[in-house]
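For the sequence shown, my numbering assigns the number 1 to the initial residue and increments by one for each residue that follows.
All C-beta atoms, glycine included, are put in the ideal place defined by N, C-alpha and C.
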Amino acid sequence: MIKLIIVWLIQLKYGKIDLMLYDLHCHSTASDGSLTPTQLVEFAQSKAIDYLSLTDHDTIEGLKEAQKAAQDKTIKLINGIEFSVTWQAKTVHIVGLKINPESKLLLERINVLQKYRRFRAQEISMDLDNKAQIKNALQGAELFSQSKMIGRVHFAQFLVHQGYAKDIKQAFKKFLVKNKPGYIKDSWASLADIIECIHQANGIAVIAHPARYGLKLKKLKQLVDEFKSLGGQAIEVVSGSQCTNEIPKINRLAEEFNLYASIGSDFHSQDMPWNNLGQFPELPINFKPVSELLN
Ligand code: AMP
Ligand code: MN
Ligand code: MN
Ligand code: MN
Numbered sequence: 001m002i003k004l005i006i007v008w009l010i011q012l013k014y015g016k017i018d019l020m021l022y023d024l025h026c027h028s029t030a031s032d033g034s035l036t037p038t039q040l041v042e043f044a045q046s047k048a049i050d051y052l053s054l055t056d057h058d059t060i061e062g063l064k065e066a067q068k069a070a071q072d073k074t075i076k077l078i079n080g081i082e083f084s085v086t087w088q089a090k091t092v093h094i095v096g097l098k099i100n101p102e103s104k105l106l107l108e109r110i111n112v113l114q115k116y117r118r119f120r121a122q123e124i125s126m127d128l129d130n131k132a133q134i135k136n137a138l139q140g141a142e143l144f145s146q147s148k149m150i151g152r153v154h155f156a157q158f159l160v161h162q163g164y165a166k167d168i169k170q171a172f173k174k175f176l177v178k179n180k181p182g183y184i185k186d187s188w189a190s191l192a193d194i195i196e197c198i199h200q201a202n203g204i205a206v207i208a209h210p211a212r213y214g215l216k217l218k219k220l221k222q223l224v225d226e227f228k229s230l231g232g233q234a235i236e237v238v239s240g241s242q243c244t245n246e247i248p249k250i251n252r253l254a255e256e257f258n259l260y261a262s263i264g265s266d267f268h269s270q271d272m273p274w275n276n277l278g279q280f281p282e283l284p285i286n287f288k289p290v291s292e293l294l295n
């Protein structure tokens, strides 16, 4: 009853509000998540999520299975992807929502990025061998990947399994990051190419977890400004992988650059409860939610 009154009061002040639950950023075994696309959709349905977007790293391999799993459920599955981009020598992630998975340019870009992932994996493996005398890391990491995609998480899993680290977090801290063995300076796609390819696929380009790049406000604004001038439309105001106290800052950025606000858990696995599926603070209500573009 109290909730209904609150909703009514909010509606009176801000107009109609949307009570649907959206989670527009998560991962499956098609990249570095732990649930298969089917398990993920079932988990999302059990959490009463209304709209779920599967956004695996540089791949759309999981979408068909996820769509099939969603067919006999009330949940709506939105085709998505999370692209790796190199911007000013930094890795930045751009989510594409509502993409056409048959777009030729999209498939071409994915192909290039996956080839690069393979090359990078060989380099990571060689670096671990040369600098930490860890042998056959690539073969080891491959055993943890349940798809063709290979990422740093698979290396971290291998390192934990072999006893080089106590958990994934420590594996990243000791290896795989700047100035550590297994760190390779990334060279992903350009921001312009990725936004172009998302648009060619009729999708919505979204800056993922903007507070996670360690950028000072001035630099972050530069990124957002460039993204906006290239036609980017949205930004993750709420993300399970960025601090809750960053929400007001990112919300102000979204307003300043007139971007839609997106929301997502960045869920990977049930072992990481801090970004659990469908569990995050609500979007600030006086804002343009990206959900307006989804139907
Ligand atoms: P990649 O795209 O292969 O470089 O891997 C990036 C992924 O690694 C992210 O999406 C996270 O899933 C994971 N990751 C990055 N940094 C960390 C960290 N410090 N601890 C745990 N996982 C991390
Ligand atoms: Mn990941
Ligand atoms: Mn990301
Ligand atoms: Mn992600």
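Take the alpha-carbon of Met149 and the one of Leu54: they are about 15 Å apart. Restricting attention to beta strand (DSSP E) runs no shorter than 3 residues, the region 229-265 encloses them at 234-239 and 260-264, ordered along the chain. Annotation for Ala192 indicates a beta carbon at 7 Å or more from all heavy atoms of ligand 3. Under the 10 Å beta carbon count, Phe175 is surrounded by 16 or more other beta carbons and is classified as buried. Those residues that bring their Cβ nearer than 5 Å to a heavy atom of ligand 4 are Glu82 and Asp266. Residue burial annotation: Ala234 is buried, with at least 16 other C-beta atoms found within 10 angstroms of its C-beta.
In the three-state DSSP reduction, Ala89 falls in the coil class, being neither helix nor strand. Straight across, the Cα-Cα distance linking Leu40 with Thr29 is about 9 Å. Ser53 is bridged by DSSP to Ile78.
Inclusion of His57 and Ser34 in the CB contact set at 8 Å is not warranted, their separation being larger than that value. Looking from the CA of Trp87, the closest CA among Asp193, Ile263 and Gly278 belongs to Asp193.
Contact check between the region 107-124 and the region 181-191: three or more CB pairs, one atom from each, fall below 8 Å, which counts as touching. Only residues of its own chain outside the window of five on either side were considered, and among them Ile81 and Pro101 have a CB closer than 6 Å to the CB of Ile60, listed in chain order. DSSP places Ala121 in the uninterrupted alpha helix (DSSP H) bounded by Lys104 to Ala132. Burial of Cys197 is indicated by the presence of at least 16 other C-beta atoms within 10 angstroms of its C-beta. Contact between Phe287 and Glu246 is ruled out by a C-beta separation of about 15 Å, above the 8 Å threshold. If you compare the alpha carbons of Leu138, Leu21, Lys64 and Phe43 with that of His154, the shortest gap goes to Leu138. Taken through DSSP and simplified to helix, strand or coil, Asp225 comes out as helix.
Environment of ligand 2, chain-ordered: His27, Ser31, Asp32, His57, Gly151, Val153 and His268, taking every residue with Cβ within less than 7 Å of a heavy atom.
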